[in-house]
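Residue numbering for the sequence shown follows the numbering used here, beginning at 60 and increasing consecutively.
Single-structure report; data block below.
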Amino acid sequence: MDLQKAPALEFSHQWKSWFPIGPGGSTVPPLLHSNPSSLGPLFFNPNPDTLSLILSSLSLIPSLHLPPHLLPSRFLLSSSIPPSTASSFSHHFCQNDTASYFLHNRLQTLNYPNCPNVLLFFPTGPNDDQLGFFMLSVDNNSNVRRTLDENGDVFRASIESSSHRILRISINPVPDFGNGSSSVLAYLLVTTLYSVHWFAAKHDSILDRPSVVYLGGKVFKTCSVLHACWSPHILEESIVFLQSGELFLFDLESRSFKGTRLRVAWDGIDSGGNNVWVSCEFGWHPRVLIVARSDAVFLVDLRLDECNLSCLMKIDTLRMYAPDENEQFVAMTRAAGPDDFYFAVVSTTLLVLCDVRKPMMPVLQWVHGIDGPYYMTTLSLSMLRSHSREDTFKLASDSGFCIILGSFWNCEFNLFCYGSTLPVQKGPIASQLSKIETTFYAWELPSEINLSSHECPCGSCLLREELSKDALPEWVDWQLKKDVVLGFGILSNDFAALLCEPDQHGGFTLIRLMSSGKLELQRYQSSWSPSRYLDNYHEQELRLDRHTLYPMSDEKYKFPRKFHYLKFDYLSSYASGNLTQFLIKNLKKIAVDAQEKEAVADEMHEFLCEKLNACGFGRLSSRPASSAVFEDIKLPSSFHEVALRRLWADLPVELLQLAFMKYSECREVVVDHHRVPLEFLAVPDLPQLPPFFLRKSSLHSDNDIVGPVIPLPVLLVLNEFHNGGLDSEGGEFSLEAELGLKYKEVKQVADEIDVSVPESVRLDEHAVSLADDRDETWVGSSKSKAFPSYCPVAFNCSTTNLVQEKSSYTDNMYGTFIFHVSEKKSESVGEEIFDDLCPVELRFNSPVKEFQGDGLKSYNLLKKEMSNWQERMDSYKDFCIQSRSQKVVRK
Numbered sequence: 060m061d062l063q064k065a066p067a068l069e070f071s072h073q074w075k076s077w078f079p080i081g082p083g084g085s086t087v088p089p090l091l092h093s094n095p096s097s098l099g100p101l102f103f104n105p106n107p108d109t110l111s112l113i114l115s116s117l118s119l120i121p122s123l124h125l126p127p128h129l130l131p132s133r134f135l136l137s138s139s140i141p142p143s144t145a146s147s148f149s150h151h152f153c154q155n156d157t158a159s160y161f162l163h164n165r166l167q168t169l170n171y172p173n174c175p176n177v178l179l180f181f182p183t184g185p186n187d188d189q190l191g192f193f194m195l196s197v198d199n200n201s202n203v204r205r206t207l208d209e210n211g212d213v214f215r216a217s218i219e220s221s222s223h224r225i226l227r228i229s230i231n232p233v234p235d236f237g238n239g240s241s242s243v244l245a246y247l248l249v250t251t252l253y254s255v256h257w258f259a260a261k262h263d264s265i266l267d268r269p270s271v272v273y274l275g276g277k278v279f280k281t282c283s284v285l286h287a288c289w290s291p292h293i294l295e296e297s298i299v300f301l302q303s304g305e306l307f308l309f310d311l312e313s314r315s316f317k318g319t320r321l322r323v324a325w326d327g328i329d330s331g332g333n334n335v336w337v338s339c340e341f342g343w344h345p346r347v348l349i350v351a352r353s354d355a356v357f358l359v360d361l362r363l364d365e366c367n368l369s370c371l372m373k374i375d376t377l378r379m380y381a382p383d384e385n386e387q388f389v390a391m392t393r394a395a396g397p398d399d400f401y402f403a404v405v406s407t408t409l410l411v412l413c414d415v416r417k418p419m420m421p422v423l424q425w426v427h428g429i430d431g432p433y434y435m436t437t438l439s440l441s442m443l444r445s446h447s448r449e450d451t452f453k454l455a456s457d458s459g460f461c462i463i464l465g466s467f468w469n470c471e472f473n474l475f476c477y478g479s480t481l482p483v484q485k486g487p488i489a490s491q492l493s494k495i496e497t498t499f500y501a502w503e504l505p506s507e508i509n510l511s512s513h514e515c516p517c518g519s520c521l522l523r524e525e526l527s528k529d530a531l532p533e534w535v536d537w538q539l540k541k542d543v544v545l546g547f548g549i550l551s552n553d554f555a556a557l558l559c560e561p562d563q564h565g566g567f568t569l570i571r572l573m574s575s576g577k578l579e580l581q582r583y584q585s586s587w588s589p590s591r592y593l594d595n596y597h598e599q600e601l602r603l604d605r606h607t608l609y610p611m612s613d614e615k616y617k618f619p620r621k622f623h624y625l626k627f628d629y630l631s632s633y634a635s636g637n638l639t640q641f642l643i644k645n646l647k648k649i650a651v652d653a654q655e656k657e658a659v660a661d662e663m664h665e666f667l668c669e670k671l672n673a674c675g676f677g678r679l680s681s682r683p684a685s686s687a688v689f690e691d692i693k694l695p696s697s698f699h700e701v702a703l704r705r706l707w708a709d710l711p712v713e714l715l716q717l718a719f720m721k722y723s724e725c726r727e728v729v730v731d732h733h734r735v736p737l738e739f740l741a742v743p744d745l746p747q748l749p750p751f752f753l754r755k756s757s758l759h760s761d762n763d764i765v766g767p768v769i770p771l772p773v774l775l776v777l778n779e780f781h782n783g784g785l786d787s788e789g790g791e792f793s794l795e796a797e798l799g800l801k802y803k804e805v806k807q808v809a810d811e812i813d814v815s816v817p818e819s820v821r822l823d824e825h826a827v828s829l830a831d832d833r834d835e836t837w838v839g840s841s842k843s844k845a846f847p848s849y850c851p852v853a854f855n856c857s858t859t860n861l862v863q864e865k866s867s868y869t870d871n872m873y874g875t876f877i878f879h880v881s882e883k884k885s886e887s888v889g890e891e892i893f894d895d896l897c898p899v900e901l902r903f904n905s906p907v908k909e910f911q912g913d914g915l916k917s918y919n920l921l922k923k924e925m926s927n928w929q930e931r932m933d934s935y936k937d938f939c940i941q942s943r944s945q946k947v948v949r950k
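Now the structure itself:
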């Protein structure tokens, strides 16, 4: 038997595709094609002699609205707060969201189809909320000419009724421009966080200048926009992908901009706990989509009435070479190839080329070695090796493809070339193309491409730069100190041919947008090896000494900057778990402060005793303290709030006096040479337990009692110390443990009240319902609880479980609420009359007058309407069922 003809060997290319291509491997990957004689040069180095500045403008600088000198973390570490204290909680303020502004290419280029003109688009404006653009052309002397507005600035197109930051710009060129059938150069799709907008780019032949017309937009109020892209099949169609996984199809022909929601049943697909949606692209058909999630890539087929879903790639299939448990897909795009069946997806460590006709089977894999590879684009190799003097490698250029993968924020970009194996170049091109294999190979190892061209890549310069980054304070991102690339575009061959002479093996002309507000143009040449030394930048001093990304403003800051500092030593100690030790060391000072206030102690003592007596916490009270707390529960309160009231009420009056004081005695701070008291909320007149919930801020008089001015953890530690529970060393004391004990105690009392509550407190079985105002009766009412508990639907309660009268929440003190059901009174004309409207007992800041005559008649009409609404409101019925505050059955 001839083993070379065995059917099993036909699968050889499939197992070869499982070996990733990348530097540092112990073996040569089977699908790595390295043949310089047929592939040609695949490194691209910037030509320093071709660098030219196109425009430098404040309109090109991104608007970050971040104070460069006063970031919260830097403010803490540079203030008068002790370094140990500041560093203990400064890391909580280091979540810099600046990198999210630069995930996408900020510069988009549109090449005119019939002339060497280029339109440039980018975000601009005070909040990057406007679409900026201008035109480039080449004059007879091979000089670049800019077409700007009458003020010498960029053109601007505003988004109607929106001031949100532009995150992404997508261009869809119109192929019929210049043929008389269309005056539109291209359609633009602009994406913000919660909206998408469409524009039309045109050219005014009379003024010889471009214009942009706003067509319309769509705002998504409940979910953010994840991705939006144009259809490569139908000119006017685009797809919008939301963070929730919803897909919307828009057609510019309709001009309605309402969109059609695509019915995709994601419910049947296992999503796991931490998986998020990544991106969406059109497939080979206008109704076939490719959708990427952090753990998988799906094919969505909408050609039939019923949507068909299938999985194209899973992150688990790549575990052999990506073993990290946090490995996930982060970006996806359509891939260049001989047809529309290819797409590329990148994970944390791997770049994978896939074919939709071969699910779960990668075509090629690379180890990319890039931190945060959120930007990816694919193109033909002929675009990078255009305008050449020799045609030696024309076959490779025409049949090869490239992927540019990188991160704008981390300033890393790599080039990945791939294509088929090439025959020996003999004979005409047509006969050579017929001999090309269909299997894709990686052409050489991935190579780095220096898009900024401002850094010398030699080892000495790289080391100096890394040392300069490490020397920066920890609160400063080096990207904010360095002139980095925020966007780039590759110009057409027609435009490049007017600017420079042909290269030996070709190259490309790059236009880039820098963070300093400069727009630069430079030629890149294809080379046999990467550049290792740049004379112009080798000895140049690194300029990591100022912010190049600074907030834009229409005018300078006019007002003097003054900063006032407050000491929060106890807060730092509490955050680090050392509150007990800190307070014990300072007890002597606290005792001195207490003696100074002895003059007002009697008055404050009397005031607090009256408050506690009104709620049943007097010293002569015979009721248990936990039961007395329930008398203060009128409005819905979580068990956490009830347990806090219990802890406050248990404190001795002597300690409570430290937490409350007259407004006139509050400590003052000096502001502009004036002493201003600190602001605290006043204690209300209504009978309440401390810390007095549901207060509204207002102007105080000097005699108002305000507080608490000392947090509960501090008071609890002091109480434990004075009771002998802590020694001079501090000992162990936990607020969480105390709170947990009180929570269990309160919950136990709530259960006991539910069992032993007297009949006078319960609703009568024959009580009149709101429905009695109509000619209908309700029967079968069960006894309701005096203190029902419930979990709000917002806390992930299942509606299905509520209907089945099964509690779907767990017993935790934060998510479970309790309230008091008022006793129904047969004859009420005062404020008690409102008790019939809802299970919750209502409280009023001022007395309600009695209803009489027309007022009572109007109330009965409103009560009837309220009853009708409650009958139709399913959520209200679910609430009553879950809390068991009222259960009625229609006759």
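Note that the Cβ used here is the ideal one computed from N, Cα and C, for glycine as well.
Short of 6 Å from the beta carbon of L667, and not among the five residues preceding or following it, lie these beta carbons of its own chain, in chain order: V712 and L715. As computed with DSSP, A216 is found in a beta bridge with L190.
The Cβ-Cβ distance between L119 and F547 does not fall below 8 Å. For G799, the secondary structure class from DSSP, reduced to helix, strand or coil, is helix.
Under the DSSP assignment, T437 falls in the beta strand (DSSP E) whose first and last residues are Y434 to S439. Boundaries of the alpha helix (DSSP H) harbouring G518: G518 to A530, taken from the DSSP string.
Assigned with DSSP and collapsed to three states, Q716 falls in helix. DSSP places V284 in no alpha helix (DSSP H) but in the uninterrupted beta strand (DSSP E) bounded by V284 to W289. Across the set P175, V249, S221 and A245, the C-alpha of V249 shows the shortest separation from the C-alpha of F181. Under a 10 Å Cβ-count criterion, V411 is classified as buried, with 16 or more other Cβ atoms of the shown protein chains found around its own Cβ. For L294, the closest alpha carbon among the candidates H286, F307 and L311 is that of L311.
Taking 8 Å as the cut-off, the Cβ atoms of R215 and Q189 count as close. Residue Y434 holds the alpha-carbon nearest to the alpha-carbon of S159 among P172, K280, H92 and Y434. Taking 8 Å as the upper bound for CB-CB distance, Y273 and E219 are in contact here, some 6 Å apart.
In this structure, the beta-carbon distance from F192 to V271 falls below 8 Å. Excluding five sequence positions before and after R346, the CB atoms of its chain that fall closer than 8 Å to its own CB belong to D360, L361 and R362, given in chain order.
Counting along the chain, the unbroken alpha helix (DSSP H) around Q640 starts and ends at L638 to K644. Bridge pairing for W425: I80 and L410 [DSSP]. For N509, the CB contacts under 7 Å within the same chain, skipping 5 residues up- and downstream, are P105 and P516 in chain order.
Beta-bridge partners assigned by DSSP to S585: F103. When secondary structure is reduced to three states using DSSP, P269 falls in the strand class. Here S445 is actually not in contact with F103; their C-beta atoms are around 12 Å apart, not less than 8 Å.
Bridge pairing for H256: V249 and G276 [DSSP].
For the pair L798 and A702, the CB atoms are nearer than the 8 Å cut-off. For G566, the uninterrupted beta strand (DSSP E) run begins and ends at G566 to M573, by DSSP. Secondary-structure assignment with DSSP links P232 through a beta bridge to A245. Contact annotation: A455 and Y477 have beta-carbon atoms that are not nearer than 8 Å. A residue is called buried when at least 16 other Cβ atoms come within 10 angstroms of its Cβ; M391 meets this threshold and is buried.
Fewer than three Cβ pairs drawn from the segment 318 to 327 and the segment 373 to 390 lie within less than 8 Å of each other, which leaves the two stretches out of contact.
Secondary structure note for N385: it is in no beta strand (DSSP E), with a DSSP letter that is neither H nor E. With a contact defined as Cβ atoms closer than 8 Å, L301 and S283 qualify at about 7 Å.
Residue environment: M379 is assigned as exposed (fewer than 16 neighbouring CB atoms within 10 Å of its CB, all protein chains considered). By the CB criterion at 8 Å, D542 and H513 fall inside the cutoff.
Residue range V177 to T183 is occupied by the beta strand (DSSP E) that includes P182, with no alpha helix (DSSP H) assigned at that position. For Y873, the secondary structure class from DSSP, reduced to helix, strand or coil, is coil. T408 is not a Cβ neighbour of E384, given a cutoff of 8 Å.
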